[in-house]
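Just below is one structure, and these are the notes that go with it.
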DNA sequence: GAAATAGTGTCTCTTAGACACTATTTC
DNA sequence: GAAATAGTGTCTAAGAGACACTATTTC
């Protein structure tokens with residue numbers, strides 16, 4: 111038994127608000143992420159959920175461990191989490207716009223983590239509410255991937271994957287044609303495995 | 111300051127030997143992965159490298175943090191590492207065939223970690239020696255991905271990515287036509303960003 | 001020549017992206 | 001009707017997989 115300070119849990123909890131990504135932070139000047147000490151013999155994922163419950167009032171819709179960082183004052187176990195658009199923060203926590211390009215190392219790592227998982231896990235769908243328009247969904251993908259996507263192509267491959275189903279509701283934002291609302295309803299396991307990609311290496 | 115046992119570093123170090131993947135383990139009956147206590151204020155990556163140096167005599171060609179697990183006797187910080195085919199283990203450690211489907215949780219997590227990164231980081235190339243045949247490379251991809259790949263298609267997209275260059279050496283394995291040796295020599299950054307994939311979700 | 005392995009040419013089918021269009025709303 | 005946003009049809013080019021082939025070695 112060595113005398114060590116217990117590792118700390120750091121939670122980067124992201125949502126989609128006002129057409130932008132927002133991250134949960136402590137109120138006040140510094141944009142610090144919520145943290146908690148990890149209990150002896152407590153599983154880190156449980157600690158992350160407990161921390162979310164304390165700062166948000168609920169367990170996130172999706173959560174994943176980002177990794178461990180050695181920081182000045184000890185070890186930080188960073189978690190990325192995602193909650194549905196419209197979820198309110200509690201007490202002394204609030205949603206802040208995600209800083210473009212900058213921010214603390216743990217937040218940047220969490221955003222990279224989300225970006226790397228968006229095509230394998232339902233990150234984008236958990237960021238949205240129970241129903242959403244296809245423009246909403248595309249905007250979330252574009253924010254997380256930090257690049258523009260082709261509208262027709264996005265919709266075609268989305269439909270081909272059978273991940274969503276239309277509702278009979280439509281939403282009008284004031285100007286322009288109303289958009290149909292969809293819900294996340296994955297039907298297919300996974301299709302044919304596709305080729306190895308070498309184009310991301312180098 | 112709480113009284114806690116320091117987290118442990120666990121190293122899942124993989125190589126390619128005798129046409130199969132092998133993992134470095136302690137000699138003897140139990141197939142336990144090498145471990146080390148993490149020093150207070152020591153960065154985990156440094157501890158993983160030091161552990162590799164102690165059990166292999168060298169720093170791995172590629173290394174990545176897999177994550178933190180709460181185990182019975184404390185926290186384990188798991189690292190996946192890869193060394194070139196032909197590297198010898200030292201002292202009381204040896205290469206063991208990777209158990210198909212089974213094995214300890216930390217080893218399974220490390221193998222999933224490698225599989226998820228093979229198309230974004232040069233994992234397969236670091237598993238091979240400085241020169242290799244295209245059949246070697248394809249076999250490593252097939253072992254890591256656990257599925258067969260199409261030979262002509264594999265080679266076409268590999269060449270299109272400009273990741274390797276031919277040497278003027280050929281290797282003959284006894285039977286069959288000798289194969290040309292290639293080396294890893296990535297030339298291109300990355301091509302055009304391609305579409306979002308929905309087919310891995312669901 | 002048979003067997004084994006390396007390596008290639010060609011066809012087809014799928015699909016991503018471009019482009020241009022139609023549809024439905026507010027003003 | 002203009003502006004804005006949603007949604008679609010068609011063409012093209014790239015690429016993945018199937019198939020069948022050629023090439024070079026050992027026996």
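Protein chains in written order, with our numbering: chain A, 111 to 312; chain B, 111 to 312. Note that the Cβ used here is the ideal one computed from N, Cα and C, for glycine as well. Keep in mind that this is a model prediction, so the values were computed, not measured.
Proximity below 8 Å, CB of residue i to CB of residue j
| i | j | result |
| --- | --- | --- |
| residue 144 (chain A) | residue 187 (chain A) | no |
| residue 161 (chain A) | residue 215 (chain A) | no |
| residue 253 (chain A) | residue 200 (chain A) | no |
| residue 194 (chain A) | residue 148 (chain A) | no |
| residue 122 (chain B) | residue 217 (chain B) | yes |
| residue 208 (chain B) | residue 221 (chain B) | yes |
| residue 183 (chain A) | residue 310 (chain B) | no |
| residue 257 (chain A) | residue 303 (chain B) | yes |
| residue 268 (chain A) | residue 264 (chain B) | no |
| residue 251 (chain B) | residue 259 (chain B) | yes |
| residue 227 (chain A) | residue 174 (chain A) | yes |
Helix, strand or coil at residue i [DSSP, three-state]
| i | result |
| --- | --- |
| residue 154 (chain A) | helix |
| residue 320 (chain A) | What the structure shows of chain A is the stretch from 111 to 312, and residue 320 (chain A) is not part of that stretch, so it cannot be assessed. |
| residue 175 (chain B) | strand |
| residue 226 (chain A) | helix |
| residue 275 (chain A) | strand |
| residue 208 (chain A) | coil |
| residue 220 (chain A) | helix |
| residue 203 (chain A) | strand |
| residue 193 (chain A) | coil |
Neighbourhood of residue i by C-beta, 8 Å cutoff - its chain only, sequence neighbours within 5 removed
| i | result |
| --- | --- |
| residue 280 (chain B) | 288, 289, 290 and 291 |
| residue 132 (chain B) | 124, 125, 126, 205, 206, 207 and 208 |
| residue 172 (chain A) | 191, 192, 231, 232, 233 and 236 |
| residue 176 (chain A) | 122, 188, 189, 190, 216, 219, 220 and 223 |
| residue 255 (chain B) | 225 and 228 |
Cutoff 6 Å; reference residue i; Cβ partners in own chain excluding five residues on either side
| i | result |
| --- | --- |
| residue 159 (chain B) | 169 |
| residue 137 (chain A) | 202 and 204 |
| residue 282 (chain A) | 288 |
| residue 130 (chain B) | 207 |
| residue 298 (chain A) | 272 |
| residue 120 (chain A) | 143, 145, 186, 188 and 216 |
| residue 196 (chain A) | 239 |
| residue 115 (chain A) | 184 |
Counted within 10 angstroms of its Cβ, other Cβ atoms place residue i as buried (16 or more) or exposed
| i | result |
| --- | --- |
| residue 262 (chain B) | exposed |
| residue 270 (chain B) | exposed |
| residue 212 (chain B) | exposed |
| residue 305 (chain A) | exposed |
| residue 59 (chain A) | Not covered by the structure: residue 59 (chain A). The range shown for chain A is 111 to 312. |
| residue 286 (chain A) | exposed |
| residue 135 (chain B) | buried |
Own chain residues within Cβ distance below 7 Å of residue i, not counting five before or after
| i | result |
| --- | --- |
| residue 293 (chain A) | 240, 241, 274, 275 and 277 |
| residue 151 (chain A) | none |
| residue 249 (chain A) | 129 |
Pull out every residue of the region 187-211 of chain B whose Cβ sits closer than 8 Å to any Cβ of chain A, in chain order. Of all residues in the region 187-211 of chain B, the ones placed with a Cβ closer than 8 Å to any Cβ belonging to chain A are 187, in chain order.
Which residues of the region 245-257 of chain A have a Cβ closer than 8 Å to any Cβ of chain B? Give them in chain order. Correct list: 251, 255 and 257.
Note down, in chain order, all residues in the region 173-184 of chain B with a beta-carbon under 7 Å from any beta-carbon belonging to chain A. Of all residues in the region 173-184 of chain B, 175, 177, 178 and 180 have a Cβ within less than 7 Å of some Cβ in chain A.
Closer than 7 Å between beta carbons: that is the criterion. Which residues of the region 268-282 of chain B meet it against chain A? Per Cβ criterion, the list reads 268, 271 and 273.
Please identify, using Cβ separations under 9 Å, the residues of the region 290-312 of chain A that lie next to chain B, in order along the chain. 296, 297, 298, 299, 300, 301, 302, 303, 304, 305, 306, 307, 308, 309, 310, 311 and 312
For the region 214-229 of chain B, enumerate the residues whose C-beta is nearer than 7 Å to any C-beta of chain A, in chain order. 229
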